[in-house]
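Notes to accompany the following structure.
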Amino acid sequence: MQIKKNRIWLIVAGVALAFTVAAITTGVLWYQSGLQPVNVADKKEVRIDIKQGMSAGEVGRALEEKGVIRSAQVMSIYLRLNGGASGFKTGVYVVSASQSLAEIIRHLSSGKTDEFSITFYPGAMLERADKGSAGAKYDIHTALSSAGYSDEEITEAFAADYQSPVFAGRPDGAGLEGYLYGDTYFIQAGATAKQVVQRAIDEMARVVAENNLEEKFASQGLTLYEGITLASIVERESIGCPGKSVCEDQREIASVFYNRLNINMMLGSDVTYHYAADKLGVERNYLLDSPYNTRINAGLPPGPIAVPGLSALNAVADPQKTDYLFFLSGDDDVTYFGKTEAEHNNNIRNHCQQKCLLP
């Protein structure tokens with residue numbers, strides 16, 4: 030009887046050992062497979078943007094989702110075995126599914142970025158005189174400076190001569206204000222500030238052409254330059270509709286400005302004298318003596334005051350048909366419109382007790 034029991038235990042132990050060996054073998058094969066390229070024939074470049082604070086696990090999941098490694102779990106094990114779990118450097122790298130896991134990890138740990146990202150925001154100015162202010166963190170000069178370009182390089186880039194169809198109708202001597210389209214750009218390492226600026230100008234030209242904006246502005250009685258100028262005011266006056274190419278709020282705001290222009294009424298846009306003050310580095314004052322101040326000067330300002338986004342450009346190209354002559358952004362961030370000054374004053378009393386007190 031004892032011999033029979035021993036045989037049973039030997040059989041159980043043998044089966045368990047066989048399963049253990051099989052599991053270990055399967056695990057080793059799985060791990061070794063995960064180290065191999067996903068597809069040695071796929072040389073397509075894939076961008077991976079490693080941001081400050083990203084964990085190794087997050088990087089691995091991003092790589093797996095993009096199809097350039099077989100398993101984020103295998104990558105995690107590899108990093109633990111090789112002591113590289115915290116070795117990734119921030120930046121934008123280019124990898125491909127034809128590379129092994131080890132090759133990809135070495136590249137991401139090298140710090141030798143292939144690209145960098147830079148973001149220009151809709152509504153941003155080229156630069157402000159008060160560079161240390163809270164608002165200046167969104168201007169284009171600051172974005173370029175944060176990307177590592179010197180003030181001298183940025184100044185030269187802003188002053189350089191660029192060729193683009195989007196400059197049709199732009200007056201001689203006019204600058205780049207309003208022409209560097211708001212977007213996130215991935216730039217090759219080593220690119221000059223001028224190349225970055227040209228990239229943003231090219232994107233503005235693409236947006237204008239794809240949306241047939243020059244012809245649409247003409248149907249409203251505006252040149253391309255005037256359309257971009259008015260769109261920049263609409264952009265700054267509106268909270269907008271993030272992520273949308275058409276924004277009804279902006280279309281109504283555009284209608285107010287068109288209605289005023291049609292009856293030779295001053296635009297009366299506060300953001301125009303804000304722009305003038307910020308460029309000069311002086312206190313905002315609605316009586317500021319500047320050709321950009323549409324509170325005291327008739328018609329459009331001499332040029333754009335910011336980068337207009339697509340929805341603002343579309344709003345000027347296709348405004349709502351209204352009888353409104355007034356609008357304000359209420360304390361609740363809702364835009365209120367009025368046909369008469371009496372209606373406008375009523376909107377101020379009911380909806381704008383804080384914002385309307387700002388300079």
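For reference, each letter of the sequence shown is one residue, going 30 to 388 in my numbering. Glycine is no exception: its CB is placed at the ideal position from the N, C-alpha and C atoms.
Identify the continuous beta strand (DSSP E) that holds residue i and give its terminal residues.
i: V124; result: G120 to V124
i: R109; result: Not the beta strand (DSSP E): R109 falls in the alpha helix (DSSP H), residues A101 to N111.
Give the range of the alpha helix (DSSP H) segment to which residue i is assigned.
i: L309; result: D299 to L309
i: D278; result: E277 to N291
i: F196; result: That residue, F196, is in no alpha helix (DSSP H); it is neither H nor E in DSSP.
i: D180; result: D180 to A188
i: I169; result: I169 to S175
i: V69; result: It is not in any alpha helix (DSSP H) - V69 carries neither H nor E in the DSSP assignment.
i: V88; result: A85 to E94
Sort the options by Cα distance to residue i and report the nearest one.
i: L290; options: Y353, E264 and Q102; result: Y353
i: Q128; options: I98, H303, S62 and G116; result: I98
i: G155; options: A341, A186, G89 and L253; result: A quick correction: the sequence has Leu, not Gly, at residue 155. Checking every option, the nearest Cα to that of L155 belongs to A186.
i: L253; options: V57, R135, P333 and Q383; result: P333
i: S267; options: R378, N375 and A344; result: A344
i: S298; options: Y167, A341, L339 and F356; result: F356
i: I134; options: T119, A335 and I147; result: T119
i: T258; options: E243, A131 and R228; result: E243
i: R228; options: F286, E181 and Q192; result: Q192
i: Y81; options: I325, Y302, K350 and V121; result: Before going further, note that residue 81 is Gln rather than Tyr in the sequence given. When each option's Cα is compared against that of Q81, the closest is V121.
i: P331; options: L386, T301 and I147; result: T301
i: A238; options: F196, A131 and T148; result: F196
i: N241; options: A260, L342 and V69; result: L342
i: S125; options: G152, I77 and D168; result: I77
i: D168; options: D347, K223 and A335; result: A335
i: G96; options: C381, K73 and A305; result: K73
i: Y208; options: T184, A222 and F149; result: F149
i: A220; options: P271, S146 and D347; result: S146
i: E277; options: N326, A346 and A306; result: A346
i: S84; options: G116, V69 and V103; result: G116
i: D286; options: N314, I325, A70 and L329; result: What sits at residue 286 in the sequence shown is Phe, not Asp. Closest by alpha carbon: L329.
i: H303; options: N314, R378, M294 and A91; result: N314
i: I262; options: L309, S274, A153 and D201; result: A153
i: E144; options: A158, V225, A91 and A188; result: V225
i: I183; options: N375, A222 and D212; result: A222
Who pairs with residue i in a beta bridge, going by DSSP?
i: D78; result: V121
Within the present structure, is the beta-carbon of residue i separated from the nearest heavy atom of the ligand MN by less than 8 Å?
i: I268; result: As far as ligands go, the structure on display features none, and thus does not contain the ligand MN.
Okay, do the segment 226-236 and the segment 355-372 touch, 3+ Cβ pairs below 8 Å being the bar?
no
In chain order, which beta strand (DSSP E) runs of at least 3 residues are fully inside the segment 130-164?
144-148
Quick one: complete alpha helix (DSSP H) runs, 4+ long, within the segment 203-270?
222-239, 242-248 and 253-266
Quick one: which unbroken alpha helix (DSSP H) runs of 4-plus residues sit fully inside the segment 299-383? Chain order, please.
299-309, 339-346 and 370-380
Would you call the segment 174-186 and the segment 212-227 in contact, with 3 or more CB pairs under 8 Å?
yes
Given 8 Å, three or more beta-carbon pairs between the segment 99-108 and the segment 56-76:
yes
Taking one C-beta from the segment 237-252 and one from the segment 309-322 each time, how about it: are there three or more such pairs within less than 8 Å?
no
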